[in-house]
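J.: Provided herewith is a single structure, encoded as structure tokens, for subsequent inquiry.
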Amino acid sequence: MEPTHIEIKRMMAFSHNSVDDGFLITPDHEKPGSVTINFLREKEGLESIEAMPPLEAYRPSACFCKYRTALFRCAACYKAYCGITCQKRDWKFHVFTCRIQGRPNSVDYLRFALRRYAPTNKQVPNTILVKQLFADDDLCYTFGFSKCLSNAEVNHLAYVFKQALHRYSSKAIQEWVDSQCLHQHLHQFVLWQYTRCEGQTNHTFQWYLEEGTLNRFQEPSVNGSYLHQQYSLLFTKTMLALPQPVAEWQKLPLKQAIVVQLYAKLFQAFNNIPTPLDQEWLAFGFCHCRTDLQRQQLRTAYLQLIATQVPLEQIASCLGPQELTRLMESKNVDVSALLAEGVSLGPPGQHEVATYRLVAEVHHALSGRFCPRFRRRECSRGLEFFKNESNISIESEILFGFHGTEAWERWQLLNFYAYLFSLPAFDIREMQAATEKRWSLDQAFVPTRI
């Protein structure tokens, strides 16, 4: 068989290119006057252009709704849509990934929070919405949630913004925010709505139109200042007989300062129970509570203790499970129900703190909030592998499987522990007992809960 042109060139060590010979021009008999220019394919021993199979099957892009073929695209990032209706429906989520200039803005984040944590259009108490809103300082300062005094006021203001977002676009409201006249425009909108609505909605608008409420929201927000926390701190200073000048009572001894921080948290009108993000969660026994009812009962016990006018120095000297229990009993504060359920009034022991510390560290790492432990860590020689992994203490790194993991594995492990802690059947004391006995967690504890 005669060798092909390309084989002859390869044997003679010639370089292969497409311009070292003439083109193959073939008349197209089906289209008179047309020809097919075949770039040396027949001489190279290859099939003709008409006989070549397509590189891949034609697959038109599908819309995210999975019903129609996508014939439209986003003008900024070219994401495929089947029509304008689907594009508008997806915009509330697509705005966070699109490359359009100036988006997402503060109003987009507020709209997302309200749609996710308050999906209904009814004016009902929503503790989850309050918790998530106050996890974002920028939203609170920008839209005035930092000036709310109670849980009800937060829900009222959130409902006002939901109604405004139905009426105006995010771009228009963002212009009000940038020009620092947000609540002036909202006042006009609420005044117009007040004459049209009745019932509970009318009560919400009436609250916003009160002179004291309106003046409070029209004042500029101060970073780091929450009105409900300021009132709680003033009440704490009164109950504990602290000196009024800030410079004096801020120089309290460490134990007394911890007690003051506890009561400043407990006296708040909402978000008044310590969480794993607070140091009081470990120091005063809230880590031992398994249900919201137990946490509320423990908070009530501490409030009953301060109502007996016990001195701050006496409380600070009894920071321990047994000491706090004796102090409660001496002041006729009944905590027998909590003790019977295994709830201790103080921090866990030195040899029992491993799992409790892990819970706090996982919540800190996944909260998105700044923590001093997130800084790059200086390690001694031989421990350099810990220098970029500062979310978890060295003890937790080794004991709970974080040692030697990559960034993606570490993130998945953090989310796994967060899911484990959120299970209704999870008992932190069982996990701590398994840790103390040095059992393998995946054999002794995890399979029984998942």
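Reminder that position 191 of the sequence shown reads as 190 in numbering that gives the first Met the number 0, one-by-one numbering, no gaps.
Glycine included, each C-beta is placed from N, C-alpha and C at the ideal position.
Decide if the segment 326–337 is in contact with the segment 345–355; the criterion is three or more beta carbon pairs, one per stretch, under 8 Å apart.
T.: Segments in contact, no.
J.: Quick check on Ile305: buried or exposed, where buried means 16 or more other Cβ atoms within 10 Å of its Cβ?
T.: Looking at its Cβ environment, which holds 16 or more other Cβ atoms inside 10 Å, Ile305 is buried.
J.: Can you list, in chain order, the residues of its chain with a C-beta nearer than 6 Å to that of Cys286? Leave out the 5 residues immediately preceding and following it.
T.: Result list for Cys286: Trp280, Tyr355, in chain order.
J.: Output yes or no for whether 8 Å exceeds the beta carbon distance between Ala268 and Leu156.
T.: No, the Cβ-Cβ distance between Ala268 and Leu156 is not below 8 Å.
J.: Taking Leu109 as the reference, which of Val34, Ala79, Phe142, Leu344 has the closest Cα?
T.: The shortest C-alpha separation from Leu109 is found at Phe142.
J.: Residues in the same chain with beta-carbon distance under 7 Å from Val94, minus the five sequence neighbours each way, listed in chain order, please.
T.: Result list for Val94: Arg102, Pro103, Asp107, in chain order.
J.: For a quick check, are the C-beta atoms of Ser105 and Asp137 less than 8 Å apart?
T.: Yes. Within cutoff.
J.: Report the residue from Gln260, Pro252, Ser316, Leu239 whose alpha carbon sits nearest the alpha carbon of Thr307.
T.: Closest option to Thr307, Cα to Cα, is Leu239.
J.: Flag Tyr167 as yes if its beta-carbon sits less than 8 Å from any beta-carbon of chain D, otherwise no.
T.: The structure shown contains no chain D, having only a single protein chain.
J.: Run through the segment 143–167 for me and flag every whole alpha helix (DSSP H) of 4 or more residues, listed as ranges in chain order.
T.: Here the runs fully enclosed are 150–166.
J.: Using the three-state DSSP reduction, which class does Pro26 fall into: helix, strand or coil?
T.: Pro26 falls in the strand class under three-state DSSP.
J.: Give the secondary structure of Gly21 by DSSP, where H, G and I count as helix, E and B as strand, and everything else as coil.
T.: Because Gly21 carries a pLDDT of 49, less than 50, the predicted location of this residue cannot be relied on, and the following value inherits that uncertainty. Looking at Gly21 - three-state DSSP - the assignment turns out to be coil, as it is neither helix nor strand.
J.: Between the alpha carbons of Ala300 and Thr235, how many angstroms are there, rounded?
T.: So the alpha carbons of these two residues sit roughly 16 Å apart.
J.: Tell me where the alpha helix (DSSP H) around Arg409 begins and ends.
T.: Arg409 -> alpha helix (DSSP H) spans 406–421.
J.: Could you round the C-beta distance between Tyr80 and Arg72 to whole angstroms and report it? I think they count as a contact, below 8 Å.
T.: With a Cβ gap of about 7 Å, Tyr80 and Arg72 count as contacting.
J.: Could you compute how far the alpha carbon of Ser456 sits from the alpha carbon of Ala432?
T.: Since the first residue of the chain shown is 0 and the last is 449, residue 456 is not available in this structure.
J.: Is the segment 249–269 close to the segment 307–317, with three or more CB pairs under 8 Å?
T.: Counting Cβ pairs under 8 Å, three or more are found: they touch.
J.: Please list, in chain order, all residues of the same chain as Asn222 whose beta carbon is under 7 Å from its beta carbon, the five residues on each side excluded.
T.: Counting only Cβ-Cβ distances below 7 Å, and skipping sequence neighbours, we find Tyr140.
J.: Could you name each continuous alpha helix (DSSP H) segment of 4 residues or more that falls completely within the segment 202–264, going from the start of the chain to the end?
T.: Counting whole runs of 4 or more residues, the segment 202–264 contains the alpha helix (DSSP H) stretches 210–217, 226–238, 245–248.
J.: Is the CB-CB distance between Phe188 and Ala171 below 8 Å?
T.: No, the pair does not count as a contact, with Cβ atoms beyond the cut-off.
J.: Kindly indicate the opening and closing residues of the alpha helix (DSSP H) around Asp172.
T.: What sits at residue 172 in the sequence shown is Ile, not Asp. Residues 169–177.
J.: Label Arg294 either buried or exposed according to how many other C-beta atoms from any shown protein chain fall within 10 Å of its C-beta, with 16 as the threshold for buried.
T.: Its Cβ being crowded by 16 or more others within 10 Å, Arg294 is buried.
J.: Just verifying my parser: in three-state terms, what is the DSSP assignment at Arg72?
T.: Correct three-state label for Arg72: strand.
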